[in-house]
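**Student:** First the structure, then my questions, so here it is.
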Amino acid sequence: MSSRFEKFTERARKVLSLSQEEAQRFNHNYIGTEHILLGLVREGEGVAAKVLASLDVELDKVRSAVEYIIGRGERGVSGEMGLTPRAKRVIELAVDEARRLNHNYIGTEHLLLGLLREEEGVAAGVLESLGISLDKVRTETVRLLNQSTSQSRTGIRSASRTPTLDQIGVDLTEAARKGKLDPVIGRNNEIERLIQILSRRTKNNPCLIGEPGVGKTAIVEGLAHRIVAGDVPQPLRDRRLLTLDIGALVAGTKYRGEFEERLKKVIDEVKTSGNCTLFIDEIHTIVGAGAAEGAVDASSILKPPLARGELQCIGATTANDYRKHLEKDAALERRFQPISVGEPSVEETVAILQGIKSRYEEHHQLTINDEAINTAAALAARYIPDRFLPDKAIDLIDEASSRVRIRNLYAPAGLREAIQTLETLRHDKEVAIATQKYERAAELRTREQELGEKVEEIQEEQREGQEAAQPVVTAEDISEVVSMWTGIPVTSLAQDETTRLLQMEEVLHRRIIGQDEAISVIAKAVRRARAGLKDPRHPIGSFIFLGPTGVGKTELVRVLAEFMFGNRDALIRLDMSEFMEKHAVARLVGAPPGYIGYDEGGQLTEAVRRKGYSAILLDEIEKADPDVFNILLQIFDDGHLTDAKGRRVDFRNTIIVMTSNI
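What follows is the structure, encoded as structure tokens:
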């Protein structure tokens, strides 16, 4: 980094980094004052961000104003970008502001003051277009700086009893008190069990064990809500729940003994305060954390205070990580009491989504209807088998809301064209004035005024339309997001699937000539499965195609894959002549631990994990070893396989076709 940025604070440097991101977002190949303004708003924590937030300067509003004033570039830009002359001038003015205020650093506040002094820049124009006076911004910045200075001098802020822990952790009870945590729906049994264990005399350290995304952290946040509401026994009434970030604890400890010293400080602060309970997410990371050559790891330092009851801790981890790390250390494991956290049902997920949807509606400024909630829970459970509820359903709602919001914010094509034409007119007018063609300039000025009025009318109509009709997230929006995630065509998720299935024979006959009986049998089997008349654990259909070479067995499978899954490439083809030996069977599910190829996974299981909605073609099945049939029998009966790494692979959304020349 060049010498002129040496005195920049971390937040000021972050602002410049965010400015480059914003320039890339708009496809601009430079960093201007408008991008620095966007960076100041996005940074969110510095003095400048607080000043702008107090004046209701929001990121979306600034982006819209920038797009209105200068528009977007035509091509994406990557790599380093240069500062415009005005942006360089802002940096120089920021350095000057810091010098005038006798500050030996350059922070976000100085960048903001520099932006305000560069009144000809786009940033100043953006603020004025939002109805914000530059003088008011300047006054508010100086006021906030004076306030922070006086507070530091008079020592208004009382010293915390846990300064180290406050730096590397988050107070969940304080966050719950300020309304920063999402509401927790259900999980009453788990929270009650948590309270019971925390109230024990010894070994009062619960450990939440469950798959990723089932809501382990939410249970702890639910406990924080209860503590704030006073809905806990007397011993827990005044407790503080603080997260302990192991990564932040290790960060910056270069020399031997620094990590141990920092962790001992945390333990001493918890002992001294007497009312702190630590929450360590991914608690398996304490095993081996900070263990340099000749040093001890975090778990070894934590064991004695945990055993003596001087330190109370809540852990959270997955079943696999608990088995790999904590169970191996019996001395550490016995200090924790495990609580199993299961995946909620679809009905429970719907209740959870109903409870938190107001937060997403507020964030995205739209409405999420009940049909979208029900569809998100149902489609997530059915089509995204490799993740867990409610996390995957919440992500569906969040991304669908983001998609709808972005779609609603884009300026109409006519408006963008009018703004570009207006910019061209302004440029031509300036050129005409410079070359003393005043009649031409007057003509261009008249056209500019007319077009400017037209742009204002279009913008006003768009603004009124947005205010009158708030965007709504519907079931169709959820289906589109699921389609993007899984590759399943939207039509397959919508209600008109019935019509498609009724026309299945007709569609297949167009591509495959002369196999009327085979197509009829396949269509009837698929319709039965999709109508819900099959066992829900079984694949959509299992078929064996018999016939000589060249009659169209493989082609029928390709056409079937295209009809069912919207893509001829949604076909997983395995040549069974490669699985004639007994040892080759392991290639289907993956080599056992210790054997070559263990990390690569199984040819069949990995393919289905990546494309769970596909057709599987087992070509020349008669050549396969008999042990292959044992594996296939499990798929046909249970609809799933467990690979060599212990991962469950779902085959319920597949069609399995075996071919033979017999």
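Numbering of the sequence shown is given in our numbering, commencing with residue 3 and proceeding in unit increments.
Beta carbons: idealized from backbone N, C-alpha and C, even for Gly.
A quick note: this is a predicted structure, and the numbers were derived from the prediction, not measured.
1. Measure how close the beta-carbons of T488 and I341 come, nearest whole angstrom, since I'm counting them as under 8 Å.
2. Using a Cβ-Cβ cutoff of less than 7 Å, which residues in the same chain neighbour K584 once the five nearest sequence positions on both sides are dropped?
3. If you draw a straight line from the alpha carbon of V216 to that of A395, how long is it in whole angstroms?
4. In its own chain, which residues sit with a C-beta less than 8 Å from the C-beta of K456, not counting the 5 before and 5 after it?
5. Tell me the DSSP secondary structure of S342 in three-state form.
6. Check whether the Cβ atoms of A563 and S616 sit closer than 8 Å, and answer yes or no.
7. Which residue's Cα is closest to the Cα of A226: K205, T279 and Q451?
8. Find out if the Cβ-Cβ distance for the pair G357, I221 is shorter than 8 Å.
9. Please work out which residues of its chain come closer than 7 Å, Cβ to Cβ, to K267, disregarding the five sequence neighbours upstream and downstream, and give them in chain order.
10. Rounded to the nearest angstrom, what separates T319 and G344 at their Cα positions?
11. Using the beta-carbon count (16 or more within 10 Å), is E192 buried or exposed?
12. Check V651 in the structure and name its three-state DSSP category.
13. Could you check which residue in A374, L635 and Q22 has the C-alpha nearest to that of D479?
14. For the candidate residues P392, H365, A531 and T11, whose alpha-carbon lies nearest to that of E349?
15. Does DSSP put F28 in a helix, in a strand, or in coil?
16. Which residues share a DSSP beta bridge with V662?
17. Using CA atoms only, rank isn't needed, just tell me which of D372, F390 and L619 is closest to V475.
18. In the structure shown, what three-state DSSP assignment does V59 receive?
19. Taking Cβ to Cβ, would you say V68 is nearer than 8 Å to L40?
20. Assuming E364 contacts I370 under a Cβ cut-off of 8 Å, what Cβ separation, rounded to an integer in Å, is found between them?
21. What runs of the beta strand (DSSP E), each 3 residues or longer, lie entirely inside the region 272-338?
22. Should F547 go down as buried or exposed, given a rule of 16 or more other Cβ atoms within 10 Å for buried?
23. Is it the case that the Cβ atoms of Y324 and I211 are separated by a distance below 8 Å?
24. Flag this pair as touching only if the region 523-542 and the region 572-582 have three or more C-beta atom pairs under 8 Å; answer yes or no.
25. CB L200 to CB L238, shorter than 8 Å?
26. Going by C-alpha distance, which of D571, R539, V252 and V553 is nearest V651?
27. Check the DSSP bridge columns for D621 and list the partner residues they point to.
28. What is the DSSP secondary structure of M95, reduced to helix, strand or coil?
29. Identify whether R13 lies in helix, strand or coil by the three-state DSSP scheme.
30. On the premise that L136 lies in contact with E121, defined as a C-beta separation below 8 Å, what is that separation, rounded to the nearest angstrom?
31. Which of helix, strand or coil does DSSP assign to H105?
32. Check whether the region 270-279 touches the region 306-315, counting contact only when three or more Cβ pairs, one atom from each stretch, lie closer than 8 Å.
33. Is the beta carbon of L114 sitting closer than 8 Å to the one on K63?
34. On the criterion of 16 or more Cβ atoms from any shown chain inside 10 Å, does M506 qualify as buried, or is it exposed?
35. In angstroms, rounded to a whole number, what distance separates the CA positions of A50 and A380?
36. Could you please give me the residues that DSSP links to D173 through a beta bridge?
**Tutor:** Reading it off the structure:
1. Not confirmed; about 32 Å, so no contact.
2. D627 and D629
3. 11 Å
4. A420
5. strand
6. yes
7. T279
8. no
9. T166
10. 13 Å
11. buried
12. strand
13. A374
14. P392
15. coil
16. Per the sequence shown, residue 662 should be read as Ser rather than Val. Partner(s): L548.
17. D372
18. coil
19. yes
20. Rounded, the Cβ-Cβ distance is 11 Å, inconsistent with contact.
21. 278-283 and 315-319
22. buried
23. yes
24. no
25. yes
26. R539
27. D577
28. It should be noted that the sequence gives Leu, not Met, for residue 95. Of the three classes helix, strand and coil, the one that applies to L95 here is helix, per DSSP.
29. helix
30. 7 Å
31. coil
32. yes
33. no
34. buried
35. 44 Å
36. L244
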